[in-house]
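Written below as structure tokens is the structure these notes are about.
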Amino acid sequence: MLYPGSRAKVCDNSGVLVVKCINCYSKQYAQVGDLISVVIEKVLPNSKHPKGSISKAIVCQTKKKMKRGDGSSIKFDLNSVALISASGNPVGTRVFGPVVHELRAAGHTKLVSLSNSVF
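Residues in the sequence shown are numbered from 13 upward in steps of one, following my numbering.
Spelled out as structure tokens, the structure:
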């Protein structure tokens with residue numbers, strides 16, 4: 013779960029390293045597949061996104077266990093997000109680390125296709 017004020021790593025190659033959640037659009041917290049508003053805190057030197065700018069992101073991994081429909085659960089070692097543009101397309105061209113197949117059901121098929129492994 014990501015609350016406003018939570019920090020997360022960015023799992024794509026957009027040049028942004030760390031972001032801070034400032035708003036969750038669905039509930040008081042965000043789970044995997046939810047849209048959040050973030051402020052960029054740490055970037056690579058050649059990044060197109062300046063530090064302190066506001067962007068939107070999709071939550072890809074959370075430390076909190078996520079229950080699935082078949083009774084199993086999955087959790088990750090860190091909270092990570094993928095940045096998206098205003099039109100809803102991913103900013104990066106690759107997504108590092110595994111993503112869950114629930115992202116496809118949430119309508120984020122482009123993120124799933126950019127990932128190297130799907131759980």
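Yeah, the Cβ is synthetic: ideal placement off N, Cα and C, and Gly gets one too.
Counting only the Cα atoms, Val-93 lies some 14 Å from Lys-87.
Taking 8 Å as the upper bound for CB-CB distance, Ile-52 and Cys-33 are not in contact here, some 12 Å apart. Residue nearest to Ala-20 within the set Pro-110, Val-107, Leu-90 and Phe-131 is Leu-90 (criterion: CA-CA distance). Closest by C-alpha distance to Gly-119, out of Val-44, Pro-62, Val-103 and Lys-76, is Val-44. The beta carbons of Val-103 and Leu-95 sit about 4 Å from each other, so the pair counts as a contact at 8 Å. Comparing C-alpha distances from Leu-14 to each of Ala-69, Gly-64 and Leu-29 shows the shortest one belongs to Ala-69. For Arg-19, the uninterrupted beta strand (DSSP E) segment begins and ends at 19-22. Beta-bridge partners assigned by DSSP to Lys-54: Val-30.
For Val-22, the number of other beta carbons within 10 angstroms of its own is at least 16, and it is reported as buried.
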